[in-house]
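Peer 1:
Printed below as a string of structure tokens:
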């Protein structure tokens, strides 16, 4: 009886080996990686832009230095989606318990998206000005304008000289 089971398992395993040999070789998938550069630049007026060279979108925010200077933000005025803006244009305003301040476009382009959350939660600018408190996303018309803006190191020096 065991001989019959052993022979059956041998014939089954040889069939498996034959099927494995007959299977076409699988192609090796090698993913292609695209290098994306994300650049963060600053203006003298304390706006920041994080630019993604793959999407050509710059996310505009105020800096942590700006929000701390303003104090508790109570109102944020943002540009309209679809608005064409030029570098240096006023694109909005921030009002706090201490002061009001205009927001200027760090780059030129078209406003693709605005942070609607700031309408109900302007205090996000205080809690997370450069992440959750971003102002708008701009499709840049001239990415070379980024070269006119400050690096993080230069911006820190600029802020230290403001005191």
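Numbering (the working numbering), first residue to last: 55 to 217. Beta carbons: idealized from backbone N, C-alpha and C, even for Gly.
#1: Taking Cβ to Cβ, would you say residue 203 is nearer than 9 angstroms to residue 160?
#2: If you run the structure through DSSP and keep just helix, strand and coil, what is residue 181?
#3: Where do the ends of the alpha helix (DSSP H) carrying residue 120 lie?
#4: Taking all protein chains shown into account, decide if residue 77 is buried (16 or more other Cβ within 10 angstroms of its Cβ) or exposed.
#5: Straight-line CA distance for residue 151 to residue 95?
#6: On the DSSP bridge assignment, give the partners of residue 201 in chain order.
#7: Using 10 angstroms around the beta-carbon of residue 92, count the other beta-carbons present and answer buried if the total reaches 16, otherwise exposed.
#8: Looking at C-alpha atoms only, which residue of 113, 179, 139 and 175 is the closest neighbour of residue 125?
#9: Which residues does DSSP list as the beta-bridge partners of residue 193?
Peer 2: Once the coordinates are examined:
#1: Locating residue 203 in the chain shown gives position 149, where the first residue counts as 1. Locating residue 160 in the chain shown gives position 106, where the first residue counts as 1. Going by C-beta atoms, residue 203 is nearer than 9 angstroms to residue 160.
#2: As a position in the chain shown, residue 181 is number 127, starting the count at 1. Collapsing the DSSP output to three states places residue 181 in a helix.
#3: Along the chain shown, read from residue 1 onward, the residue named residue 120 stands at position 66. Here the alpha helix (DSSP H) through residue 120 covers 118-124.
#4: Residue numbering aside, residue 77 sits at position 23 when the chain shown is read from its first letter. Because residue 77 sits at a pLDDT of 49, beneath the cut-off of 50, its placement in the model cannot be relied upon, and the point is left open.
#5: Position 97 of the chain shown holds residue 151. Position 41 of the chain shown holds residue 95. One C-alpha to the other measures close to 28 angstroms.
#6: Residue mapping note: residue 201 aligns to position 147 of the chain shown, counting from 1. BP columns for residue 201 are empty, so no partner.
#7: For the purposes of this step, residue 92 is identified with residue 38 of the chain shown, where counting begins at 1. Counting Cβ neighbours within 10 Å, residue 92 comes out exposed, since fewer than 16 surround it.
#8: By 1-based counting over the chain shown, the position of residue 125 is 71. Comparing Cα positions, the closest option is 179.
#9: For this step, residue 193 is matched to residue 139 along the chain shown. The partner list for residue 193 (beta bridge, DSSP) reads 111 and 164.
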